[in-house]
Amino acid sequence: ELSLYGKDDAENGIGSGLSDIALGLRLRYEISRQFAPYVGVEWTGAFGDTADYRRAAGEDRSTTQAVAGLKFWF
Numbered sequence: 006e007l008s009l010y011g012k013d014d015a016e017n018g019i020g021s022g023l024s025d026i027a028l029g030l031r032l033r034y035e036i037s038r039q040f041a042p043y044v045g046v047e048w049t050g051a052f053g054d055t056a057d058y059r060r061a062a063g064e065d066r067s068t069t070q071a072v073a074g075l076k077f078w079f
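Residues in the sequence shown are numbered from 6 upward in steps of one, following my numbering.
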């Protein structure tokens with residue numbers, strides 16, 4: 006997922022251009038077509054002025070998170 010913005014929004018900490026990217030990878034095990042648990046990892050990184058705004062606020066420029074969940078339907 007890419008986020009692009011046309012102009013700076015300093016109030017919300019968003020810079021113009023390529024603001025951030027989120028990449029994820031999930032491994033799913035289909036117990037049945039209706040029920041499938043998954044685990045994965047997601048990385049999010051900020052770029053350009055958005056990264057500068059985050060640094061100035063004392064936040065990290067990028068984060069990595071573990072994810073887990075269930076996909077189901079009935």
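Ideal Cβ placement from N, Cα and C applies to all residues, glycine included. All values derive from a computational prediction rather than experimental measurement.
Please go through the same chain and pick out, in chain order, the residues whose beta-carbon is closer than 8 Å to the beta-carbon of residue 18, but skip the five residues on each side of it. 55, 58, 59, 62
For residue 83, three-class secondary structure by DSSP: Residue coverage of the chain in this structure runs from 6 to 79, which leaves residue 83 outside it and unanswerable.
What's the gap between the Cα of residue 66 and the Cα of residue 23? 14 Å
For residue 48 and residue 32, what's the separation of their Cα atoms in angstroms? 15 Å
Residue 20 and residue 53 closer than 8 Å at C-beta: yes
Which of helix, strand or coil DSSP assigns to residue 54: helix
In chain order, what residues of the same chain lie with their CB nearer than 8 Å to the CB of residue 45, ignoring the 5 residues before and after it? 29, 30, 31, 32, 71, 72, 73
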